[in-house]
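As you go down the protein sequences, you meet chains A and B in turn.
Each residue of the first sequence is one higher than the last, beginning at 42 in our numbering.
Each residue of the second sequence is one higher than the last, beginning at 13 in our numbering.
Virtual Cβ for every residue (Gly too), placed ideally from N, Cα, C.
Computed from a prediction, not measured in an experiment: that's the story for all the values here.
Before any comments, here is the structure.
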Amino acid sequence: KQEVTQIPAALSVPEGENLVLNCSFTDSAIYNLQWFRQDPGKGLTSLLLIQSSQREQTSGRLNASLDKSSGRSTLYIAASQPGDSATYLCAVFIRNAGNMLTFGGGTRLMVKP
Amino acid sequence: DVKVTQSSRYLVKRTGEKVFLECVQDMDHENMFWYRQDPGLGLRLIYFSYDVKMKEKGDIPEGYSVSREKKERFSLILESASTNQTSMYLCASGPVNTIYFGEGSWLTVV
């Protein structure tokens, strides 16, 4: 069964720092990997989607990389801002009868002014 | 923009009540999902559907049922609500390889 782990579980950084969030998965036979942001009490917003054939995706200050063979993805946030404070979740899509996502537990990020 | 709408944001129900959580999507997506999210347990899949009248159990289907009579609507039903079903419920929909979430429904069972 696919397992997805995110480290660290929580992170607090001063504004302006560059930071890296980590995601690892046990089964490399994934269809794609997605990074989400969740604000307190809200639903999930998709940030970046990386197909299994891709190595990275970029959106603004966000860059996500994927190394399928090692079962790892990283989300890099450049020049962090207080508005980046949220929980970040990664999820892998495996191709089976259900086309289901398996989520990591998330990293709770606090960016201090 | 994709829109996944959950009809109720906050509900308080009594133990034993029948509860309906409704979800509607406007993008003609084949797949629809119901998750619950609890502190320390993350997101757990309850049920999903990849076509009208089709449903599949997720990881934690016990105590829940679902209904998908129309493509755009996926309902989660708690036949007899219990206090351990107090949680945030998230509906999602998507095509084959991605997913879009609603804003979530906070359910408290007292």
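Exposed or buried, which one is residue i when buried takes at least 16 other CB atoms within 10 Å?
{"i": "Leu130(A)", "result": "buried"}
{"i": "Ser94(B)", "result": "exposed"}
{"i": "Ala50(A)", "result": "exposed"}
{"i": "Phe32(B)", "result": "exposed"}
{"i": "Arg102(A)", "result": "exposed"}
{"i": "Gln122(A)", "result": "exposed"}
{"i": "Asp91(A)", "result": "Strictly speaking, residue 91(A) in this sequence is Ile, with Asp absent from that position. Buried."}
{"i": "Val53(B)", "result": "The question names Val, yet the displayed sequence has Leu at residue 53(B). So Leu53(B) counts as exposed."}
{"i": "Asn73(A)", "result": "buried"}
{"i": "Arg78(A)", "result": "buried"}
{"i": "Ser61(B)", "result": "buried"}
{"i": "Ile48(A)", "result": "exposed"}
{"i": "Ala70(A)", "result": "exposed"}
{"i": "Gly112(A)", "result": "buried"}
{"i": "Met141(A)", "result": "buried"}
For a cutoff of 8 Å on Cβ pairs, would you count residue i as touching chain B?
{"i": "Gly101(A)", "result": "no"}
{"i": "Leu90(A)", "result": "yes"}
{"i": "Asn63(A)", "result": "no"}
{"i": "Gln95(A)", "result": "no"}
{"i": "Met141(A)", "result": "yes"}
{"i": "Phe66(A)", "result": "no"}
{"i": "Lys83(A)", "result": "yes"}
{"i": "Gln75(A)", "result": "yes"}
{"i": "Ser126(A)", "result": "no"}
{"i": "Tyr129(A)", "result": "no"}
{"i": "Ser114(A)", "result": "no"}
{"i": "Ser69(A)", "result": "no"}
{"i": "Gly57(A)", "result": "no"}
{"i": "Ser106(A)", "result": "no"}
Give the range of the beta strand (DSSP E) segment to which residue i is assigned.
{"i": "Lys25(B)", "result": "Tyr22 to Lys25"}
{"i": "Leu53(B)", "result": "Counting along the chain, Leu53(B) falls outside any beta strand (DSSP E), and DSSP gives it neither H nor E."}
{"i": "Gln92(A)", "result": "Leu85 to Gln92"}
{"i": "Pro154(A)", "result": "Element bounds for Pro154(A): n/a, residue is neither H nor E."}
{"i": "Val133(A)", "result": "Ala127 to Phe134"}
{"i": "Ser19(B)", "result": "Note, Ser19(B): premise wrong, no beta strand (DSSP E); not H, not E."}
{"i": "Glu34(B)", "result": "Val31 to Gln37"}
{"i": "Arg78(A)", "result": "Asn73 to Gln79"}
{"i": "Glu97(A)", "result": "Glu97 to Ser100"}
{"i": "Ile118(A)", "result": "Arg113 to Ile118"}
What separation, rounded to the nearest whole angstrom, lies between the Cα atoms of residue i and residue j?
{"i": "Val133(A)", "j": "Val45(A)", "result": "8 Å"}
{"i": "Asp38(B)", "j": "Val108(B)", "result": "16 Å"}
{"i": "Ala104(B)", "j": "Phe45(B)", "result": "5 Å"}
{"i": "Tyr76(B)", "j": "Gly28(B)", "result": "13 Å"}
{"i": "Tyr59(B)", "j": "Ala119(A)", "result": "37 Å"}
{"i": "Gly114(B)", "j": "Leu23(B)", "result": "16 Å"}
{"i": "Gly106(B)", "j": "Val16(B)", "result": "10 Å"}
{"i": "Gln75(A)", "j": "Phe144(A)", "result": "9 Å"}
{"i": "Leu119(B)", "j": "Leu62(A)", "result": "31 Å"}
Any C-beta of chain A sitting closer than 8 Å to the C-beta of residue i?
{"i": "Leu88(B)", "result": "no"}
{"i": "Ile72(B)", "result": "no"}
{"i": "Ile58(B)", "result": "no"}
Task: beta strand (DSSP E) runs wholly inside the segment 83-108 of chain B, at least 3 long, in chain order - done: 85-90 and 99-106
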